[in-house]
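Participant:
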Amino acid sequence: MAKFLSLIILPLLTFLPCSNASSQSMLSTGSSLLVDEYKQTFLTSPDGGFSCDFYQTTVWSANPKSPVNGQGSKVLLNHDGNLVLTDGNGTVTWDIKTSSGKGTAVILLDSGNLVIRNGNGEILWGSFSSPTDTLLPFQPLTRGTIVSGYKSLYFDNDNVLRLMYDGPDISSIYWPKPSYNVLKSGRVNYNSSRIAVLDAEGCFLSSDGLKENSSDWGTLIKRRLTLDYDGNLRIYSLNASSGSWTVTLEAITKVCNVHGLCGQNGICMYSPSLHCSYPPGYEMADQQNWKKGCWPKFSESWNISYKAEDFEFIQLPHTDFYGYDVTYNESVSLEGCKEACLEICSCSGFTYKTGPRLCCTKDILFNGYCYPNFPGDNYIKLPKNLGISTSLVSRKSHLTCNRDIPEIVEGSATILGALVLIFTGTSWWFLSSKQDIPKSMEAGYRMVPKQFRMFTHRELKEATGKFKEEIGRGGSGIVYRGVLEDKRVVAVKKLTNFSHSEEELWAEMSIIGRINHMNLVRMWGFCSEGQHKLLVYEYVENESLDRYLFGLPRLSK
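Read in order, the letters of the sequence shown correspond to residues -21 to -1, 1 to 536 in mature numbering (1 follows the signal peptide of the UniProt record, and there is no 0).
1) For Thr443, which residues in the same chain have their Cβ closer than 8 Å to its Cβ, ignoring the five residues on either side in sequence?
2) Hey, is the stretch 160 to 168 in contact with the stretch 194 to 204, meaning 3+ C-beta pairs nearer than 8 Å?
3) If I'm right that Pro354 touches Gly328 with Cβ under 8 Å, what's the distance once you round it to whole angstroms?
4) With distances taken between CB atoms, is the gap from Leu120 to Ala179 smaller than 7 Å?
5) Name the one or two DSSP bridge partners that Arg437 has.
6) How should Pro385 be labelled, buried or exposed, when 16 other C-beta atoms within 10 angstroms of its C-beta is the threshold for buried?
7) So, using beta-carbon positions, are Leu103 and Ile95 closer together than 7 Å?
8) Mind checking which residues open and close the alpha helix (DSSP H) that includes Lys363?
9) In whole angstroms, give me the CA-to-CA distance for Phe409 and Leu337.
10) Whether or not the stretch 289 to 299 and the stretch 343 to 354 are in contact is what I'm after, with contact meaning three or more pairs of Cβ atoms, one per stretch, closer than 8 Å; do they touch?
11) How is Trp269 classed by DSSP in three states: helix, strand or coil?
12) At a cut of 8 Å, does the stretch 313 to 328 reach the stretch 207 to 218 through at least three beta carbon pairs?
13) Taking the beta carbon of Ser478 as the centre, do at least 16 other beta carbons fall within 10 Å, making it buried, or is it exposed?
14) Using a 10 Å radius around the Cβ and a threshold of 16 neighbouring Cβ atoms, would you call residue 587 buried or exposed?
15) Measure the CB-CB distance between Phe277 and Pro157 and report whether it falls below 7 Å.
16) Count Cβ pairs between the stretch 143 to 154 and the stretch 183 to 195 that sit closer than 8 Å; are there 3 or more?
17) Which ranges does the beta strand (DSSP E) cover as unbroken runs of at least 3 residues, wholly within the stretch 162 to 212, from first to last along the chain?
18) Tell me the DSSP secondary structure of Leu240 in three-state form.
19) Assign Tyr169 to buried or exposed, taking buried as 16 or more other Cβ atoms, counted over all protein chains shown, within 10 Å of its Cβ.
20) Under the three-state reduction of DSSP, which class applies to Leu114: helix, strand or coil?
21) Check each candidate in Ile367, Asp135, Ile149, Asn42 and name the one with the smallest Cα separation from Ser185.
22) In chain order, what residues of the same chain lie with their CB nearer than 6 Å to the CB of Ile152, ignoring the 5 residues before and after it?
23) Nearest to Ile293 by CA position, among Phe29, Lys271, Cys320, is which residue?
24) Answer yes or no: do Lys473 and Ile450 have a C-beta to C-beta separation smaller than 7 Å?
25) With a CB to CB cut of under 6 Å and the five nearest residues on each side skipped, what residues in its chain are close to Tyr133?
26) Tell me whether Leu103 sits in a helix, a strand or coil according to DSSP, three-state version.
27) Just tell me which of Asn97, Tyr518, Pro259 has its CA closest to the CA of Thr83.
28) Mark Val468 as exposed unless 16 or more other C-beta atoms lie within 10 angstroms of its C-beta, in which case mark it buried.
29) Helix, strand or coil, according to DSSP, for Ser7 in the structure here?
30) What number of angstroms, rounded off, separates the C-alpha of Lys466 from the C-alpha of Ser45?
31) DSSP beta-bridge partners for Gly453?
32) Using C-beta distances below 6 Å, list every residue in its chain close to Leu439, excluding the 5 sequence neighbours before and after it, in chain order.
33) Taking Cβ positions, are Gly272 and Gly245 nearer each other than 7 Å?
34) Do Leu93 and Ser109 have their CB atoms nearer than 7 Å?
35) Exposed or buried, which one is Phe434 when buried takes at least 16 other CB atoms within 10 Å?
36) Excluding five sequence neighbours on each side, which residues of the same chain lie with their C-beta closer than 7 Å to the C-beta of Ser10?
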């Protein structure tokens, strides 16, 4: 299986468990770091706090959108002083374009900054000037610099630090709260210096007045500020003794306020844990990726044959799709709002607030969220020929948007029976369509190596035939043979010691993620859902990963 890599920097928690891996403090002209099955070289900072090599748990990455392809790839400091990253076939995929001649060296500083320094000791380039998704202490985010992925942390033209979803089709700002002006957000826009930095004690400061302290503020430990894959900005603090990272600050406490989390037409909710779901008349675009959103089960080509009488509305209590309003009017009745949406061919639905009688018709259903305290409802416009009952989602139903268990209303058997019918009708589409977002999205996830796929417990249960074929066991778990949907044969290790399974999972991933050795099988993924902790490895006959790592007896076939 091809292994895609990129030159990166990471905090060095433990040294590589490969006897033939070697470290060096400096890369001089004409020398290189090489990806090879038999030898591995890497740079380390003088204090051993950071290493630079071909890893996947990163604080910085060269050319992350186009990683090199495994064996034979290398980063080379040419004799002219230019730092280049080449693929296995010799193709240059990334370079710095510095030309400084003899005496030039690449050095990894104790700060985590990878620098090119000429013979006079002058720094010509540093990784701090081109961040990927992480800022280290005293690494400045400045004017024109972006911490990015599909989400971006940047300074806008008004000198305000913002988070923006920048998808392939839609862009929208979601932090600070977009409905607030600068002052209401606790920011200022008169300071044009545009600089933000995380200091050594855990305080994140910005020139627009932002000041946020981590929960362990004041202690001098290693930290990082990361724009995570779910779009939230978090400070992580390192426990030096255990090697684990802990979330000590989240920019957005209600994760459903992150734009793009559930994709177009998707709805983010708590019921009681964090979920994505889709409204009636829609289905997931990709069963493996919620960020691709949902597609309607009906054609949206209405421009020629559109007739208002062919459509109806389904009510979604306490739900809104933020932004993309076609019209925004107060003092409008509910029926008037329905008529306004029906008159607009492109209107996909509307949000209605009863108090101010506020009507917001929408042409795009994006950034959907469902909160129990949201003072309004959304109404999805659907063709009548879909046959979906307009009573499917009752206004009195709390199933979709209530973290608490609904109160039991005392009364006659007739009333109870009616409540059961309402419960059944209003919940079928959420219960049948919702999928868990990993729980780690709520509290921040640990440092997960990016080459590992996150499997669901259901996937692995099906792959192993309900964990039918046991091929071995050890002190920390049982190993089963399985076959994935793409026909790859795997060994699935099910961790059984629940009091230590969380630590075991991340410790083993951390170890395997740093191993590059010809005699070890590869890790392909993991599962962490509640008490279900599983690791997915390449299946090799007569071999055992535990045997190589921990000296355990060979697994029986």
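In this text, a Cβ means the ideal position worked out from N, Cα and C, and glycines have one as well.
Facilitator: In short:
1) If you number the sequence shown from 1, residue 443 lands on position 464. Once the five neighbours on either side are set aside, the close Cβ partners of Thr443 are Tyr459, Arg460, Gly461, Val471.
2) no
3) Start at 1 with the first residue of the sequence shown, and residue 354 comes out as number 375. Start at 1 with the first residue of the sequence shown, and residue 328 comes out as number 349. In fact, because the Cβ distance is near 17 Å, the residues do not count as touching under 8 Å.
4) Here residue 120 corresponds to residue number 141 of the sequence shown, with the count starting at 1. Here residue 179 corresponds to residue number 200 of the sequence shown, with the count starting at 1. No, they are not a contact pair.
5) Here residue 437 refers to the residue found at position 458 when the sequence shown is read from its first residue. Paired residue(s): none; Arg437 is not in a bridge.
6) Taking the sequence shown and counting its residues from 1, one reaches residue 385 at position 406. At Pro385, the pLDDT of 32 sits below 50, so the modelled position is not reliable and the matter cannot be decided from this model.
7) Locating residue 103 in the sequence shown gives position 124, where the first residue counts as 1. Locating residue 95 in the sequence shown gives position 116, where the first residue counts as 1. In contact: Leu103 and Ile95 (Cβ atoms closer than 7 Å).
8) Within the sequence shown, numbered from 1, the residue matching residue 363 stands at position 384. Element bounds for Lys363: n/a, residue is neither H nor E.
9) Taking the sequence shown and counting its residues from 1, the one referred to as residue 409 is at position 430. Taking the sequence shown and counting its residues from 1, the one referred to as residue 337 is at position 358. Note on Phe409: pLDDT 42, under 50, position unreliable in the model; no value is reported.
10) Note that the stretch 343 to 354 touches the stretch 289 to 299; at least 3 beta-carbon pairs, one per stretch, sit closer than 8 Å.
11) Here residue 269 is taken as the residue at index 290 of the sequence shown, counted from 1. Helix at Trp269.
12) no
13) Position 499 of the sequence shown, counted from the start, is the residue given in the question as residue 478. No answer about Ser478 holds up, because its pLDDT of 48 lies below 50 and its placement is not dependable.
14) Residue 587 lies beyond the stretch modelled for the chain, which goes from -21 to 536, so this question has no answer here.
15) In the sequence shown, counting from the first residue as 1, residue 277 sits at position 298. In the sequence shown, counting from the first residue as 1, residue 157 sits at position 178. For Phe277 and Pro157, no; Cβs fall outside 7 Å.
16) No, they do not touch.
17) Runs of the beta strand (DSSP E) inside the stretch 162 to 212: 174 to 177, 182 to 185, 190 to 192, 202 to 206.
18) Here the question's residue 240 lines up with position 261 in the sequence shown. Coil at Leu240, not helix or strand.
19) The sequence position of residue 169 within the sequence shown is 190, counting from 1. By the 10 Å Cβ count, Tyr169 comes out exposed.
20) Here residue 114 refers to the residue found at position 135 of the sequence shown. The answer is strand: DSSP assigns Leu114 an E or B state.
21) Taking the first residue of the sequence shown as 1, we reach residue 185 at position 206. Among Ile367, Asp135, Ile149, Asn42, the Cα nearest to that of Ser185 is on Asp135.
22) As a position in the sequence shown, residue 152 is number 173, starting the count at 1. Same-chain partners within the cutoff: Arg141, Met143.
23) Here the question's residue 293 lines up with position 314 in the sequence shown. Nearest C-alpha to Ile293: Cys320.
24) Within the sequence shown, residue 473 is the residue found at index 494, counting from 1. Within the sequence shown, residue 450 is the residue found at index 471, counting from 1. Against a cut-off of 7 Å, the Cβ pair of Ile450 and Lys473 comes out as no contact.
25) Taking the first residue of the sequence shown as 1, we reach residue 133 at position 154. Ile125, listed in sequence order.
26) Here residue 103 refers to the residue found at position 124 when the sequence shown is read from its first residue. DSSP places Leu103 in strand when its eight states are reduced to three.
27) Numbered from 1 along the sequence shown, position 104 holds the residue referred to as residue 83. The shortest Cα separation from Thr83 among Asn97, Tyr518, Pro259 belongs to Asn97.
28) Indexing the sequence shown from 1 puts residue 468 at position 489. Val468 is exposed by the Cβ-count criterion.
29) Working through the sequence shown from its first residue, we reach residue 7 at position 28. Note: Ser7 maps to strand in three-state DSSP.
30) Taking the first residue of the sequence shown as 1, we reach residue 466 at position 487. Taking the first residue of the sequence shown as 1, we reach residue 45 at position 66. Between Lys466 and Ser45, the C-alpha separation is close to 27 Å.
31) Counting from 1 along the sequence shown, the entry for residue 453 is found at position 474. In the DSSP output, where bridge partners are listed per residue, Gly453 has Gly456.
32) Counted from its first residue, the sequence shown places residue 439 at position 460. So the qualifying residues of the chain are Val471, Cys506, Leu513.
33) One-based indexing of the sequence shown puts residue 272 at position 293. One-based indexing of the sequence shown puts residue 245 at position 266. Against a cut-off of 7 Å, the Cβ pair of Gly245 and Gly272 comes out as a contact.
34) For the purposes of this step, residue 93 is identified with residue 114 of the sequence shown, where counting begins at 1. For the purposes of this step, residue 109 is identified with residue 130 of the sequence shown, where counting begins at 1. No, the Cβ-Cβ distance between Leu93 and Ser109 is not below 7 Å.
35) Reading the sequence shown from its first residue, position 455 is the one you call residue 434. Label assigned to Phe434: buried.
36) Against the sequence shown, residue 10 aligns to sequence position 31. For Ser10, where only same-chain residues beyond five positions count, the Cβ hits under 7 Å are Leu56.
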